[in-house]
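Notes follow once the structure below has been shown.
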Amino acid sequence: MDRKPRILSFTSDLLERFCKPSILEGILGDLEESYLENKEIKGAFRTNIIHLFQVLGFLRPRFRKRSKHSNIEAMFKNYLIATVRNLKRHKFYASINIFGLAVGMAAGFMILQYVYQELTYDTFIPDKENIYRVQTNRYNQGELSTQWAAGAAGAGHFLNRDFPEVKEFVNLTQSRAQISYDKKYFELSNPYYAGKNFFKFFSIPLLRGVDSIALKEPMTVALSESLAKKIFGDEDPMGKMIKQNDAYDFKVTAVFPDLPERSHMKFDLLYSFDSFVFFTSEDSRTEWNWDGFLNYVKLHSGVNPHLLAEKFDPWLTELIGEEDQTNFRIELILQPLTKIHLTSNYRAEIKPTGDEKTTYFLLIIGLFVLFIAWINYVNLTTARALSRAKEVGIRKVLGSHRAQLIGQFLFESFFLNVISFTIAALFVVLIFPTFNGFVGKSIPYTWPDAPFFWVGLGLVFLLGLIISGFYPAFVLSNFKPISVLKGKFTSSTSGNNLRRALVTFQFLASVVLITGTFVVYKQMYFLQSQDLGVKIDQTMVIKTPVYQSDSVMSIKDAVFRNFMDSNPTIKDYTTSSAVPGRTPNWNAGGIRLLSQDDSESNQYRILGANANFTEFYGLELVSGRAFDKTFGSEESNVLLNEAAVAQMGFKEAEEAINQKILFWGDTFNIVGVVKNYRQESPKQAYDPLIFRYFPSTSGFYSVKVSSHIADAVDYIQANWEAAFGNKIFDFFFLDDYYNEQYKAEVKFGSIFGLFAALAILVACLGLFGLASYNTSLRSKEVGVRKVLGASIQQLLTLLTWDFVKLVVVSIVIAAPLSWWLMTNWLNNFENRIQLGLAIFLTPAILIVLIAISTVAFHTFKTARLNPADTLHDE
Amino acid sequence: MKGTNLGELEELVMLSVGILYDDAYGLAIQKEIKERCKRSITISTVHSVTSRLEEKGYLSARYDGATPERGGRRKRLFQLTTSGKAAITRMKEMRDEMWKSMPEVALTNG
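Going down the list, the sequences are from chains D and V. Read in order, the letters of the first sequence are residues 3 to 876 in our numbering. Read in order, the letters of the second sequence are residues 206 to 315 in our numbering.
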């Protein structure tokens with residue numbers, strides 16, 4: 003009886019292919035029988051699994067069919083031999099091909115990884131889909147004035163109270179306090195006050211302590227693992243007391259793991275929020291006009307955040323009054339947790355955010371380089387078709403089908419791709435730390451663990467294989483045996499045209515990248531060479547220590563100042579609440595002229611300064627006078643910058659002098675107007691500033707030092723300790739601090755430059771290979787021309803022009819493209835360069851020169867050949 | 206010559222073939238060993254051992270006895286060959302001999 007087998011048909015097929023026929027039937031019968039038995043006892047699924055393992059067990063050499071007809075293995079062996087021989091015979095082309103591909107792949111690999119990292123911030127938080135940060139936008143008379151990452155204090159509280167869609171919320175606010183333990187002071191990088199449910203909210207597992215009670219009480223604190231180690235060493239931190247600002251004792255109730263780099267959050271210490279309430283007032287939970295509070299809300303799953311956000315405006319109008327919501331509108335925006343890193347760059351972020359545009363820009367650049375490398379491969383392989391033509395002819399005569407030849411060439415591509423891939427992986431591991439330095443991260447290379455990344459990489463590899471393998475395979479396998487074996491073979495015009503088009507594309511990409519690099523660097527230079535209107539050279543800035551009582555501070559301060567007065571390396575010093583290089587962190591709304599109506603008030607940045615601040619920083623006064631400590635009631639006077647004067651509605655600076663302003667209930671007199679200067683980087687427009695007179699020291703000492711900088715630093719540090727004991731001596735040089743603002747641009751420029759260089763390298767490799775091949779094909783033509791009297795110069799022009807032509811075409815196409823791209827980029831800047839002709843001409847000339855020198859070696863060699871040598875075998 | 210010695214598993218398989226006598230095929234051998242020796246061996250291992258024993262000339266095989274449970278496929282039935290019988294007999298005698306030579310005290314006092 004013969005019936006259909008009931009075991010899986012593919013496994014029986016497999017065994018039929020694999021096993022010796024003499025024992026096959028017995029094996030299949032046994033499998034079938036045991037399959038049926040198992041099915042009755044163990045169910046279909048387990049049976050199938052068992053069955054699969056059983057079948058796998060039979061795939062051993064003992065049962066293998068030894069057939070003379072199977073030649074798959076022999077075929078691949080032959081392919082491999084042919085490939086290796088071919089590579090060996092043409093070492094030069096092979097190495098160009100492999101190297102070019104490897105560089106391209108390495109570039110693609112690095113970019114892919116970088117982009118992957120940027121795109122996966124905060125994905126480690128389990129409940130990420132439902133967590134949103136409430137971002138606060140503030141408007142003045144309908145005009146957007148400030149966008150806060152850390153916004154209104156009450157936002158989270160009221161959202162949670164009034165909307166059933168909100169499951170819970172947590173709030174945080176930054177702390178500037180200093181801590182000490184056992185009379186030793188410790189530098190904190192990111193201390194915050196955090197709501198009691200913080201750890202539960204973000205599902206952060208605690209190393210020590212219990213998450214539901216860790217931050218429940220006032221005067222409790224949670225430490226990061228590394229900070230706990232720094233403070234307590236091997237001691238158990240739990241229950242220990244640390245001192246805040248020499249005054250308050252906080253009990254350590256939890257230790258949390260350091261948050262991953264790929265998070266928009268970074269904390270080393272979290273006080274309980276109730277402590278903040280204790281220091282300030284209950285208002286810090288509910289106040290709408292107090293910014294600087296990070297609010298996170300967790301929505302019930304399934305809630306549409308857009309629909310929820312639509313209800314905010316009417317709700318706020320009702321909550322804070324129609325008039326206020328018209329004049330000083332508050333807008334609340336729900337930022338999805340995982341989007342914060344790339345799409346948010348607002349005031350008071352926890353740490354610097356990334357940039358979506360840059361990330362995608364990079365992705366495109368990386369893909370460019372990858373494409374250039376693939377194109378190289380296609381070009382070199384098809385161009386060298388001639389040397390393979392005879393092989394193809396012979397194979398066809400001996401009976402190869404076209405499909406088999408395609409298979410062979412695909413196998414070759416695969417082989418080369420694998421080699422290149424291996425080299426690329428090696429490159430990446432070696433180069434990655436340097437690359438990370440470029441993009442401003444200092445983590446060593448680790449292989450990403452996410453399947454997504456590897457699938458992406460696999461796809462890139464596969465795509466490369468298809469792009470680089472298929473076309474050459476089809477071209478090469480298409481030769482007619484009769485014509486190639488007769489030696490009448492010439493490469494087709496269409497193939498030549500395609501190669502030209504591809505080379506043009508390569509150079510187009512290169513030109514765009516070089517122009518881009520050029521523009522980025524020019525813009526950088528332009529920004530840095532701007533007149534800042536403020537002198538920041540040879541200035542050392544020291545953060546003032548924090549004392550709980552002003553009187554203690556002023557005594558210590560006087561001691562320190564005394565030291566500074568009596569040293570020749572110190573030319574001058576001043577104190578202020580902020581220094582140039584950042585936005586002053588005091589942002590105050592509701593300020594207006596005494597004569598104005600409340601609805602006309604505005605937001606300003608406030609900078610508290612000592613009397614000599616303007617003189618110290620070389621600020622120019624347009625009108626009125628600077629602060630003067632010999633005057634009596636200087637505390638009730640203010641200085642404005644021109645932008646602030648304009649915002650108050652004055653046309654001329656003079657008009658503002660002696661006008662009164664109302665600032666949070668107090669009246670101030672405008673005594674002077676300072677010319678606009680670059681408090682922040684020239685990237686931004688001038689911000690309206692108000693200077694208030696702060697004779698006491700809080701914030702920063704700015705010290706102008708003489709050229710003996712090291713001596714000055716030593717002196718100041720020694721006397722710092724004499725004056726303030728072991729309080730942390732935290733200082734920086736102002737020009738470095740100021741230039742940090744250009745970090746993103748510097749980074750962008752370096753990456754741009756790096757990949758432009760890679761692109762040009764790979765493109766030139768391709769050109770080099772192509773030139774060497776094309777000129778060798780034309781050696782006979784050159785011989786004939788020489789015999790007929792052509793000079794070397796004419797020949798050089800003839801041979802070079804072929805390539806230069808392509809480069810010129812690519813430049814012509816690239817110019818508008820790069821103009822468009824770079825205009826787009828420059829729009830990010832308030833101050834920007836104009837894109838003149840020179841910006842496009844310089845890279846163009848550079849590229850032409852590079853192209854000419856790349857092909858020169860070969861053209862020169864060919865042009866100099868003795869015609870007798872090239873023509874004698876005709 | 207290679208293969209004149211019997212491995213333990215080989216011996217077990219041969220004994221099972223002897224026990225099953227008329228119905229000694231892969232799956233039956235596997236079950237026999239499992240029941241008697243409490244040893245789980247995979248079906249592919251059984252086939253591997255029988256094929257090795259065939260090479261040594263201790264077993265012979267024929268096809269017979271198709272059943273519906275086997276999808277109509279015949280069983281590959283094994284039989285001990287003359288040299289196979291001799292080999293396990295020799296094995297048993299050798300063991301008996303060794304047992305006999307063992308003083309009783311070696312087993313009783315431990």
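All C-beta atoms, glycine included, are put in the ideal place defined by N, C-alpha and C. For clarity, every value in this text was computed on a predicted model and none was experimentally measured.
Please name the residue or residues paired with Asp269(V) in a DSSP beta bridge.
As a beta-bridge residue in DSSP terms, Asp269(V) pairs with Lys280(V).
Using the rule of at least 16 other Cβ atoms within 10 Å of the residue's Cβ for burial, across every protein chain shown, is Ala620(D) buried or exposed?
The residue asked about is misnamed: residue 620(D) is Gly in this sequence, not Ala. With fewer than 16 Cβ atoms within 10 Å of its Cβ, Gly620(D) is classed as exposed.
Chain-order list of residues whose beta-carbon lies under 8 Å from that of Thr294(V) (same chain, five-residue window excluded)
Spatial neighbours of Thr294(V) in its own chain (CB-CB distance under 8 Å, excluding positions within 5 residues in sequence) are not present.
Considering only their Cβ atoms, is the gap separating Leu209(D) from Leu258(D) smaller than 8 Å?
Here residue 258(D) turns out to be Phe, not Leu, going by the sequence shown. Between Phe258(D) and Leu209(D), the CB-CB gap stays under 8 Å.
C-beta neighbour in chain V for Glu1(D), strict 8 Å
Residue 1(D) lies beyond the residue range present for chain D, which begins at 3 and ends at 876; the question has no answer from this structure.
Around the C-beta of His343(D), are 16 or more other C-beta atoms found within 10 angstroms, so that it is buried, or is it exposed?
Per the 10 Å Cβ criterion, buried.
Counting C-beta neighbours from all protein chains within 10 Å, is the total for Gln137(D) 16 or more, i.e. buried, or is it exposed?
Around the CB of Gln137(D), 16 or more other CB atoms lie within 10 Å, so the residue is classed as buried.
Please report the straight-line C-alpha distance between Leu258(V) and Ile246(V), rounded to a whole angstrom.
Approximately 17 Å between the Cα atoms of the pair.
Would you decide whether Met243(D) is buried or exposed? Buried here means 16 or more other CB atoms lie within 10 Å of its CB.
That one is exposed.
According to DSSP, is Pro474(D) part of a helix, a strand, or is it coil?
Note: Pro474(D) maps to helix in three-state DSSP.
Just the Cα atoms here: how many angstroms apart are Thr272(V) and Lys236(V)?
Distance from the CA atom of Thr272(V) to the CA atom of Lys236(V), rounded to whole angstroms, is 18 Å.
Test: Glu27(D) CB closer than 8 Å to a CB of chain V:
True, the Cβ-Cβ gap to chain V drops below 8 Å.
I want to verify the contact list: residues of chain V whose CB lies under 8 Å from the CB of Phe20(D), in sequence order.
Residues of chain V whose Cβ lies closer than 8 Å to the Cβ of Phe20(D) do not exist; the shortest such Cβ separation is about 12 Å.
Of all the options Thr384(D), Leu467(D) and Val457(D), which has the alpha carbon lying nearest to the alpha carbon of Ser422(D)?
Among Thr384(D), Leu467(D) and Val457(D), the Cα nearest to that of Ser422(D) belongs to Leu467(D).
Using 8 Å for Cβ pairs, my map puts Thr175(D) next to Ala152(D). What's the rounded Cβ distance?
In this structure Thr175(D) is in contact with Ala152(D), their Cβ atoms being roughly 7 Å apart against a cut-off of 8 Å.
Can you find a CB in chain V that lies within less than 8 Å of the CB of Asp32(D)?
Yes, Asp32(D) lies at the interface with chain V (some Cβ there is under 8 Å from its Cβ).
Interface partners of Gln119(D) on chain V, CB under 8 Å:
Chain-order list of chain V residues neighbouring Gln119(D): empty, with the shortest C-beta distance near 46 Å, by a criterion of under 8 Å.
If contact means a Cβ-Cβ distance below 8 Å, which residues of the segment 64-91 of chain D contact chain V?
Answer set for the segment 64-91 of chain D: Arg64 and Phe65.
Strictly under 8 Å for the Cβ-Cβ distance: is Ser249(V) near chain D by that measure?
At a cut-off of 8 Å between beta-carbon atoms, Ser249(V) makes contact with chain D.
What residue from Glu167(D), Asn139(D), Lys79(D) and Val462(D) has the CA that sits closest to Asn877(D)'s CA?
Missing from the structure shown is residue 877(D); chain D here goes from 3 to 876 and no further.
Which one of Tyr379(D), Ile659(D) and Leu464(D) has the shortest CA to CA distance from Ala648(D)?
With distances taken between Cα atoms, Ala648(D) lies closest to Ile659(D).
Name the two residues that bound the continuous beta strand (DSSP E) containing Glu333(D).
Start and end: Ile332 to Pro338.
Looking only at DSSP bridge pairs, what is Tyr606(D) linked to?
Ala590(D).
Using the Cα positions of Ser531(D) and Asn671(D), report the straight-line distance between them to the nearest angstrom.
Going from the Cα of Ser531(D) to the Cα of Asn671(D) covers about 36 Å.
Counting only Cβ pairs nearer than 7 Å, list the residues of chain D close to Lys280(V).
Near Lys280(V) (Cβ distances below 7 Å), the residues of chain D are Gly28 and Gly31.
Does Arg48(D) come within less than 8 Å of chain V when only Cβ atoms are used?
Output row for Arg48(D): interface = no.
Among Arg584(D), Gly651(D) and Leu596(D), which has the Cα closest to the Cα of Phe702(D)?
The candidate whose alpha carbon is nearest that of Phe702(D) is Arg584(D).
Just to confirm, are Lys558(D) and Phe726(D) a CB contact at a threshold of 8 Å?
Yes, the Cβ-Cβ distance between Lys558(D) and Phe726(D) is below 8 Å.
Element boundaries [beta strand (DSSP E), containing Tyr298(D)]
Counting along the chain, the beta strand (DSSP E) containing Tyr298(D) begins and ends at Phe295 to Leu301.
Quick check on DSSP: helix, strand or coil for Gly153(D)?
Here Gly153(D) sits in strand by DSSP.
For the beta strand (DSSP E) that Asp737(D) lies in, which residues bound it at each end?
Per DSSP, Asp737(D) lies in no beta strand (DSSP E) segment; the continuous alpha helix (DSSP H) that holds it begins and ends at Leu736 to Asn741.
Distance check for Thr340(D) and Trp376(D), CA to CA, integer angstroms please.
Those two C-alpha atoms are separated by around 34 Å.
Starting from Ile244(D), follow the beta strand (DSSP E) in both directions and report where the run begins and ends.
Residues Met243 to Gln246.
Show which residues of chain V have a CB atom less than 7 Å away from the CB atom of Phe12(D).
Taking a Cβ-Cβ cut-off of 7 Å, Phe12(D) has no neighbours in chain V, whose nearest Cβ is about 15 Å from it.
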